[in-house]
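Basically our numbering = 1-based index in the sequence shown + 873.
Each residue gets a CB set at the ideal place from its N, CA and C atoms; glycine is no exception.
Note that the structure is a prediction, hence the values are computed from the model and not measured.
To start, the structure under review is shown below, and the notes come after it.
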Amino acid sequence: MADTTKVPEVREITRIERIGAHSHIRGLGLDDALEARQVSQGMVGQCKARRAVGLILEMIKDGKIAGRALLLAGRPGTGKTAIAMGLAQALGQDTPFTAMTGSEIFSLDMCKTEALCQAFRKSIGVRIKEETEIIEGEVVEIQIDRPATGTGQKVGKLTLKTTEMETIYDLGTKMIESLTKEKVQAGDIITIDKATGKISKLGRSFTRARDYDAMGAQTKFVQCPEGELQKRKEVVHTVTLHEIDVINSRTQGFLALFSGDTGEIKSEVREQINAKVAEWREEGKAEIVPGVLFVDEVHMLDIECFSYLNRALESDMAPVLIMATNRGITRIRGTNYQSPHGMPIDLLDRLIIVHTQPYDEKETKQILRIRCEEEDVEICDDALTVLTRIGMETSLRYAIQLITTANLVSRKRKATEVNMDDIKRVYSLFLDESRSSQFLKEYQEEFMFNEMASNDNDSVEPANENDNMETV
Ligand SMILES: Nc1ncnc2c1ncn2[C@@H]1O[C@H](COP(=O)(O)OP(=O)(O)OP(=O)(O)O)[C@@H](O)[C@H]1O
Ligand SMILES: [Mg+2]
């Protein structure tokens, strides 16, 4: 006899995320004692910085301390942005994490400090607790009376029970409609939200388990509820202060939340909202969930923004601020003064600073291996060794870029694995920064506007504008 068991339909889940620079990072890779594991959750090495950020994570989960700031400083490509992304993953869905780049604030059509203020308020969540009344019980009987004429209002009765009581409710047209829509029958356990009238089906009662054959395997069986039919249920919503601001700002209205076109928000609105939130907190209706504001490339901020940050960090509604920079001693934007990391000393004084270190050969190899897995690229061992050498001599980023291109080359020759020749080929096709500068030096006369040949002294920007850690 032919086998008639039905195979459940398997739906292929297509991956909608694209592979980005940090998509291999799934968290900070710390153990219970907050020590960084050498390789975990896509993170490799950089243990000190990861541990430091792990402590910050604990602080945030605790929720008590406001306005602390951490600066990740280190050479380009040492994983500063990666660590911040790891933190975002470790925080989970319910804690706000806002990421922005220092230069972003100059391209918005609002003033710089307003943009920063919005970023701060996007990073503070408000957890609002709401109590709703529901009716929960097992359906004993639904009785619907159709008018004899065929038209007009339908009326009916619904009998619900718990293990202790049974009550008959009168039904209006709307309720009848939703009961029919949800296909509610006798023996179902349902809840009805008293405020909205929404009906949800929880499952079938266990007492009806003998109907199993008629129901099929998908049916979920639940116990008949105990106690009273009417219950109070607590629902928790988390919104950010910024969202509350936008909804209450009369000029834009809540639709601005979707378009992102929020414009400037009046300070009176914010004051009122702060007062309201404080009131909710006192009444125990709401809780503050401090999140994280991550400002990458923080040296791009100017002196006005830095002074705003000084002040904003002192407010008790401030989130934890994490900043990253790869600059050494350089000019503070908007002034002619030089300062470490291009940030004013009085702000640096409010920060704790963590340095990221360049990777050694073993770590570089491990990161490259993880990236190959992330991009679904098979690579043979000696090719990976060569790629690691390239990564050590040029930069980690350059080596990461070569993975995709080498994979294309290997596919061209219909191989399934990237070998050493593929790596050599892309290495000769695509220059890294140092070979490209070497090339420029050799052939400078053939390029336009070349300054090395003409006058060295009349450059427009101060010479140190683009200094980074490596040159200091
Ligand atoms: N410890 C690590 N574990 C895994 N991947 C890493 C690690 N460090 C860096 N990477 C990866 O290496 C690449 C470069 O790192 P990242 O962008 O974080 O550098 P950065 O310190 O932010 O540099 P920059 O100062 O130029 O912004 C990224 O693709 C990142 O995901
Ligand atoms: Mg970065």
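Confirm, please, whether the CB-CB distance from residue j to residue i is below 8 angstroms.
{"i": "Gly959", "j": "Ile898", "result": "yes"}
{"i": "Tyr1192", "j": "Ile997", "result": "Checking the displayed sequence, the identity of residue 1192 turns out to be Pro instead of Tyr. Contact: yes."}
{"i": "Met1216", "j": "Ser976", "result": "no"}
{"i": "Ser1307", "j": "Thr1267", "result": "yes"}
{"i": "Val1150", "j": "Ala922", "result": "no"}
{"i": "Arg1206", "j": "Asp1254", "result": "no"}
{"i": "Glu1187", "j": "Gly918", "result": "no"}
{"i": "Leu1220", "j": "Phe1179", "result": "yes"}
{"i": "Ser1078", "j": "Glu1144", "result": "no"}
{"i": "Ala909", "j": "Cys920", "result": "yes"}
{"i": "Ile892", "j": "Glu1247", "result": "yes"}
{"i": "Lys995", "j": "Thr974", "result": "no"}
{"i": "Glu1234", "j": "Thr1261", "result": "yes"}
{"i": "Glu1006", "j": "Gln1103", "result": "yes"}
{"i": "Ile1195", "j": "Ala957", "result": "yes"}
From the DSSP secondary-structure annotation, give me the bridge partner or partners of residue i.
{"i": "Arg1204", "result": "Gln1211"}
{"i": "Asp1061", "result": "Arg1077"}
{"i": "Asp1066", "result": "Ile1007"}
{"i": "Thr1229", "result": "Gly947"}
{"i": "Ile1015", "result": "Leu1031"}
{"i": "Lys1106", "result": "Thr1005"}
{"i": "Val912", "result": "Val917"}
{"i": "Ala1159", "result": "Ile1001"}
{"i": "Val1119", "result": "Partner(s): none; Val1119 has no beta bridge."}
{"i": "Ile1041", "result": "Thr1032"}
{"i": "Leu1224", "result": "Ala942"}
{"i": "Asp935", "result": "According to DSSP, which records beta bridges pairwise, Asp935 is partnered with nothing at all."}
{"i": "Phe993", "result": "DSSP output for Phe993 lists no bridge partner at all."}
{"i": "Met1190", "result": "DSSP lists no partner for Met1190."}
{"i": "Thr971", "result": "Leu1166"}
{"i": "Met1196", "result": "Leu944, Val1168"}
{"i": "Leu903", "result": "Ala909"}
{"i": "Phe1094", "result": "Arg1077"}
{"i": "Val1112", "result": "Val999"}
{"i": "Ile1072", "result": "Ile1065"}
Roughly how many angstroms lie between the CA atoms of residue i and residue j, to the nearest whole one?
{"i": "Asp1340", "j": "Thr1113", "result": "Confidence is the limiting factor: at Asp1340 the pLDDT is only 46, short of 50, which leaves the residue's position unreliable and the question unanswerable from this model."}
{"i": "Leu928", "j": "Glu1315", "result": "50 angstroms"}
{"i": "Ser1073", "j": "Ile1008", "result": "11 angstroms"}
{"i": "Thr1344", "j": "Ser1283", "result": "Low confidence applies to Thr1344: its pLDDT is 41, below 50, so where it sits in the model is not reliable enough to give any reading."}
{"i": "Thr1208", "j": "Asp1249", "result": "48 angstroms"}
{"i": "Asp1169", "j": "Gln1311", "result": "30 angstroms"}
{"i": "Leu1269", "j": "Pro949", "result": "9 angstroms"}
{"i": "Lys1071", "j": "Met983", "result": "42 angstroms"}
{"i": "Thr1035", "j": "Val1109", "result": "26 angstroms"}
{"i": "Thr1111", "j": "Gln991", "result": "17 angstroms"}
{"i": "Ile1138", "j": "Ala1197", "result": "28 angstroms"}
{"i": "Glu1116", "j": "Ile1218", "result": "33 angstroms"}
{"i": "Thr1053", "j": "Glu1107", "result": "27 angstroms"}
{"i": "Gly1045", "j": "Arg1019", "result": "12 angstroms"}
{"i": "Tyr1300", "j": "Asp1189", "result": "53 angstroms"}
{"i": "Thr1080", "j": "Gln962", "result": "44 angstroms"}
{"i": "Leu944", "j": "Leu1241", "result": "26 angstroms"}
{"i": "Met874", "j": "Thr1092", "result": "Confidence at Met874 is low in this model, with a pLDDT of 43, below 50, so the placement of that residue is unreliable and no value is reported for it."}
{"i": "Gly1264", "j": "Asp1305", "result": "10 angstroms"}
{"i": "Gly1347", "j": "Thr968", "result": "Residue 1347 lies beyond the stretch modelled for the chain, which goes from 874 to 1345, so this question has no answer here."}
{"i": "Arg1200", "j": "Val926", "result": "20 angstroms"}
{"i": "Glu1156", "j": "Phe993", "result": "25 angstroms"}
{"i": "Ile1062", "j": "Glu1037", "result": "15 angstroms"}
{"i": "Glu1236", "j": "Glu1004", "result": "51 angstroms"}
{"i": "Thr1258", "j": "Pro1231", "result": "18 angstroms"}
{"i": "Glu1099", "j": "Trp1153", "result": "32 angstroms"}
{"i": "Glu1338", "j": "Gln1239", "result": "Any reading at Glu1338 must be qualified, since the residue scores a pLDDT of 44, below 50, and its modelled position is unreliable; the value itself is stated next. Answer to the nearest angstrom: the Cα atoms are 34 angstroms apart."}
{"i": "Phe1094", "j": "Ser896", "result": "40 angstroms"}
{"i": "Gln1096", "j": "Arg1184", "result": "56 angstroms"}
{"i": "Thr954", "j": "Tyr1210", "result": "27 angstroms"}
{"i": "Glu987", "j": "Thr1203", "result": "26 angstroms"}
{"i": "Ser1332", "j": "Gln1317", "result": "Confidence in Ser1332 is poor, its pLDDT being 44 and thus under 50, which makes the residue's placement unreliable; the coordinate value appears in the next sentence. Looking at the two C-alpha atoms, the distance is approximately 17 angstroms."}
{"i": "Asn1292", "j": "Ala1256", "result": "5 angstroms"}
{"i": "Ala1059", "j": "Glu1101", "result": "19 angstroms"}
{"i": "Thr1024", "j": "Glu1039", "result": "31 angstroms"}
Just checking: is the beta-carbon of residue i within a distance shorter than 8 angstroms of some beta-carbon in chain B?
{"i": "Pro1098", "result": "Absent from the structure: chain B. Only one protein chain is present."}
Just to confirm the assignment: which complete alpha helix (DSSP H) runs, minimum length 4, are found wholly within the stretch 1245 to 1309? 1254 to 1266, 1269 to 1285, 1293 to 1302
With a cut-off of 8 angstroms, do at least 3 Cβ pairs link the stretch 1154 to 1172 to the stretch 909 to 918? no
With three or more C-beta pairs closer than 8 angstroms as the rule, is the stretch 1019 to 1030 touching the stretch 1046 to 1064? yes
So if I measure from each beta-carbon to every heavy atom of ligand 4 and keep distances below 5 angstroms, which residues remain? Ligands in the displayed structure: ligand 1 and ligand 2; ligand 4 is not one of them.
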